[in-house]
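Asker: The structure that follows is given in the form of structure tokens.
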Amino acid sequence: MNIITTVVLPDRTPLELPSMEINLDIDSFSWSFTGQLFGASNIALVQPDENGPKQIEVDINGWKWVFIIERYSTNRRFGDERYTIYGSSRTQLLAAPYAPLRSKSNTSALNAKQAIIEELANTGFTATYPDLNDYSTPDWVMPGGSFCYQSQTAMQVVAKIAGTAGSVVTPSRDADQINIQPRYPASPWAWSTATMDRIVPASMVISLSANWRPEQAYNAVYVSGTNAGVAVNVKRSGTNGDNPAPDILEDWLTETQVNTERGRNELAKGGHQSITSIELPLTDTNTAPGLIEPGMLVEVQDITGDWQGLCLATSISAGGGRNVIQSVELERHY
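Okay, here's the thing in structure tokens:
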């Protein structure tokens with residue numbers, strides 16, 4: 011039994027949505043929403059007013075999202091008035107068209123996490139850096155003059171800082187918060203012993219499909235700053251580093267720790283792999299496996315044997331008959 015409710019904030023006015031779809035991929039910083047509405051009275055509830063765009067809260071089996079309704083389209087016929095509404099989670103407020111463009115250049119040394127705090131100042135948003143398995147996003151010092159940018163939004167800068175360390179920005183579903191975590195919480199060659207975020211039994215899988223995607227199995231990479239910083243040759247342990255990836259040269263790579271973590275994440279992308287898509291029900295917050303979000307490590311207890319993968323994308327569909335299906339894309343390494 012699925013329980014789905016949608017209300018318009020802040021008054022929590024009920025909103026009837028016959029169908030909806032919610033999406034996020036690992037390289038996006040906000041959830042996206044698409045929903046269907048019937049009738050002019052319903053669309054009036056989410057049309058922007060003098061205070062700006064309206065916001066809605068979607069609750070599916072206890073999993074909650076808050077979306078800004080950014081636009082809508084209309085399809086009218088005699089006796090049938092339908093609307094499609096489109097929204098994004100509140101993290102979109104840190105990006106265009108809502109956030110201003112800014113330029114900056116530091117004159118004194120600045121820590122990366124302090125730079126993120128400054129970018130989020132007066133926005134109401136906070137950043138967290140969760141520890142995942144053996145890795146977390148490092149902090150490092152950028153010398154005076156090395157941290158500079160022009161005409162960027164707060165989210166663009168935060169995403170670049172995270173990417174410098176080989177990390178990704180994952181948005182909160184219903185809070186003004188972003189999580190900055192390694193793209194690979196554990197290296198693929200260690201997934202068999204890593205702590206999994208979700209475990210999916212074979213009985214929960216509705217469908218499974220896979221696309222083979224071989225990549226170069228690099229075992230070393232040269233990571234260096236440009237005008238300041240250090241140069242680090244990152245090598246996968248247990249190998250002789252004889253198959254190097256293309257060099258990585260960026261301004262904000264200024265300390266050994268961040269260069270090393272960036273190199274580890276770059277090497278983790280390679281090797282024989284497939285993008286495996288599975289469909290399964292979205293269980294409630296008290297029932298495993300629950301919601302699988304991008305950036306999570308997932309173990310699938312398949313009928314052919316257990317395997318692990320990194321969630322790259324999640325799509326949740328709720329349609330007629332209150333059916334709720336989540337489709338997830340998993341990066342599986344062999």
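Residue numbers (the numbering used here): 11 to 344.
Positions of the beta carbon are idealized from the N, C-alpha and C atoms, including for glycine.
Would you report the Cα separation of residue 105 and residue 122, rounded to the nearest angstrom?
Answerer: Taking the first residue of the sequence shown as position 1, residue 105 is located at position 95. Taking the first residue of the sequence shown as position 1, residue 122 is located at position 112. Their backbone Cα atoms lie some 19 Å apart in a straight line.
Asker: Do residue 237 and residue 252 have their C-beta atoms within less than 8 Å of each other?
Answerer: Taking the sequence shown and counting its residues from 1, the one referred to as residue 237 is at position 227. Taking the sequence shown and counting its residues from 1, the one referred to as residue 252 is at position 242. No, they are not a contact pair.
Asker: In the DSSP assignment, the alpha helix (DSSP H) including residue 160 goes from what residue to what residue?
Answerer: To locate residue 160, count along the sequence shown from 1; it is residue 150. It is not in any alpha helix (DSSP H) - residue 160 instead sits in the beta strand (DSSP E) that spans 158-162.
Asker: Just to confirm the assignment: which complete alpha helix (DSSP H) runs, minimum length 4, are found wholly within the segment 232-290?
Answerer: Here the runs fully enclosed are 266-278.
Asker: Would you please state the rounded distance, in angstroms, between the beta carbons of residue 265 and residue 168? I believe it to be under 8 Å.
Answerer: Counting from 1 along the sequence shown, the entry for residue 265 is found at position 255. Counting from 1 along the sequence shown, the entry for residue 168 is found at position 158. With 8 Å as the limit, residue 265 and residue 168 do not qualify as a contact, their Cβ atoms being about 19 Å apart.
Asker: Would you call the segment 71-88 and the segment 111-119 touching, i.e. three or more CB-CB distances under 8 Å?
Answerer: These segments do not touch.
Asker: Would residue 191 be called buried (16 or more neighbouring beta carbons within 10 Å of its own) or exposed?
Answerer: Start at 1 with the first residue of the sequence shown, and residue 191 comes out as number 181. Result: buried.
Asker: Considering only the alpha carbon of each residue, which of 49, 217, 249 lies closest to residue 88?
Answerer: Locating residue 88 in the sequence shown gives position 78, counting from the first residue. The shortest Cα separation from residue 88 among 49, 217, 249 belongs to 49.
Asker: How many Å lie between residue 189 and residue 124 at the Cα?
Answerer: Working through the sequence shown from its first residue, we reach residue 189 at position 179. Working through the sequence shown from its first residue, we reach residue 124 at position 114. Cα to Cα, residue 189 sits roughly 15 Å from residue 124.
Asker: Among 41, 100, 42, 34, whose alpha-carbon lies nearest the alpha-carbon of residue 346?
Answerer: Residue 346 lies beyond the stretch modelled for the chain, which goes from 11 to 344, so this question has no answer here.
Asker: Residue 51: which of 204, 23, 38 sits nearest, CA to CA?
Answerer: As a working note, residue 51 is residue 41 in the sequence shown. Among 204, 23, 38, the Cα nearest to that of residue 51 belongs to 23.
Asker: Nearest-angstrom Cα distance between residue 291 and residue 216?
Answerer: Residue numbering aside, residue 291 sits at position 281 when the sequence shown is read from its first letter. Residue numbering aside, residue 216 sits at position 206 when the sequence shown is read from its first letter. Rounded to the nearest angstrom, the two C-alpha atoms are 8 Å apart.
Asker: Which one or two residues does DSSP pair with residue 16 in a beta bridge?
Answerer: Walking along the sequence shown from the start, residue 16 turns up at place 6. Partner(s): 68.
Asker: Which word fits residue 180, buried or exposed, when buried means at least 16 other C-beta atoms lie within 10 angstroms of its C-beta?
Answerer: Counting from one through the sequence shown, the residue named residue 180 turns up at place 170. The residue in question, residue 180, is buried, as its Cβ has 16 or more Cβ neighbours within 10 Å.
Asker: Look at residue 196 and residue 232 and say whether their C-beta atoms are less than 8 Å apart.
Answerer: By one-based count along the sequence shown, residue 196 stands at place 186. By one-based count along the sequence shown, residue 232 stands at place 222. Not in contact: residue 196 and residue 232 (Cβ atoms no closer than 8 Å).
Asker: With burial defined as no fewer than 16 other Cβ atoms inside 10 Å of the residue's Cβ, what is the status of residue 21: buried or exposed?
Answerer: In the sequence shown, the residue the question calls residue 21 occupies position 11. With fewer than 16 Cβ atoms within 10 Å of its Cβ, residue 21 is classed as exposed.
Asker: Please list the terminal residues of the continuous alpha helix (DSSP H) segment that includes residue 51.
Answerer: In the sequence shown, counting from the first residue as 1, residue 51 sits at position 41. 50-56 is the span of the alpha helix (DSSP H), which, as asked, contains residue 51.
Asker: What is the DSSP secondary structure of residue 225, reduced to helix, strand or coil?
Answerer: For the purposes of this step, residue 225 is taken as the residue at position 215 of the sequence shown. Coil, per DSSP.
Asker: Would you please state the rounded distance, in angstroms, between the beta carbons of residue 305 and residue 210? I believe it to be under 8 Å.
Answerer: Residue numbering aside, residue 305 sits at position 295 when the sequence shown is read from its first letter. Residue numbering aside, residue 210 sits at position 200 when the sequence shown is read from its first letter. No, residue 305 and residue 210 are not in contact; Cβ-Cβ is about 16 Å, not under 8 Å.
Asker: Quick one: what does DSSP say residue 173 is sitting in, helix, strand or coil?
Answerer: In the sequence shown, counting from the first residue as 1, residue 173 sits at position 163. The answer is helix: DSSP assigns residue 173 an H, G or I state.
Asker: Would you report the Cα separation of residue 26 and residue 283, rounded to the nearest angstrom?
Answerer: On the sequence shown, position 16 is the one that residue 26 refers to. On the sequence shown, position 273 is the one that residue 283 refers to. C-alpha separation (whole angstroms): 42 Å.
Asker: Helix, strand or coil for residue 137 per DSSP?
Answerer: Within the sequence shown, numbered from 1, the residue matching residue 137 stands at position 127. Looking at residue 137 - three-state DSSP - the assignment turns out to be strand.
Asker: Mapping the DSSP letters down to three states, classify residue 199 as helix, strand or coil.
Answerer: As a working note, residue 199 is residue 189 in the sequence shown. In the structure shown, residue 199 sits in a helix (DSSP, three-state: H, G or I).
Asker: How many angstroms separate the CA atom of residue 73 from the CA atom of residue 103?
Answerer: Here residue 73 corresponds to residue number 63 of the sequence shown, with the count starting at 1. Here residue 103 corresponds to residue number 93 of the sequence shown, with the count starting at 1. Taking the straight line from one Cα to the other gives about 22 Å.
Asker: Give the straight-line distance between the Cα atoms of residue 194 and residue 92, rounded to the nearest whole angstrom.
Answerer: Position 184 of the sequence shown, counting from 1, holds the residue named residue 194. Position 82 of the sequence shown, counting from 1, holds the residue named residue 92. Each residue's Cα considered, the two are about 42 Å apart.
Asker: Do residue 176 and residue 303 have their beta-carbon atoms positioned less than 8 Å apart in this structure?
Answerer: The residue labelled residue 303 in the question sits at position 293 within the sequence shown. The residue labelled residue 176 in the question sits at position 166 within the sequence shown. Not a contact, by the Cβ cut-off of 8 Å.
Asker: Straight-line CA distance for residue 71 to residue 12?
Answerer: Position 61 of the sequence shown, counted from the first residue, corresponds to residue 71. Position 2 of the sequence shown, counted from the first residue, corresponds to residue 12. Distance between the alpha carbons of residue 71 and residue 12: 6 Å.
Asker: So for residue 314, helix, strand or coil by DSSP?
Answerer: To locate residue 314, count along the sequence shown from 1; it is residue 304. Looking at residue 314 - three-state DSSP - the assignment turns out to be coil, as it is neither helix nor strand.
Asker: With which residues is residue 96 paired in a DSSP beta bridge?
Answerer: For the purposes of this step, residue 96 is identified with residue 86 of the sequence shown, where counting begins at 1. Answer by DSSP bridge pairing, in chain order: 44, 81.
Asker: Taking the beta carbon of residue 362 as the centre, do at least 16 other beta carbons fall within 10 Å, making it buried, or is it exposed?
Answerer: Here the chain comprises residues numbered 11 to 344, so residue 362 is not present and cannot be evaluated.
Asker: Residue 217 by DSSP, collapsed to three states: which one?
Answerer: Your numbering for residue 217 matches position 207 in the sequence shown. Reduced to three states, the DSSP call for residue 217 is strand.
Asker: Can you list, in chain order, the residues of its chain whose CB lies under 6 Å from that of residue 241, leaving out five sequence neighbours each side?
Answerer: Start at 1 with the first residue of the sequence shown, and residue 241 comes out as number 231. Cβ neighbours of residue 241 beyond the five flanking positions: 234.
Asker: Does the ligand GTP have even one heavy atom less than 7 Å from the beta-carbon of residue 246?
Answerer: No copy of the ligand GTP occurs in the structure displayed, which carries no ligand at all.
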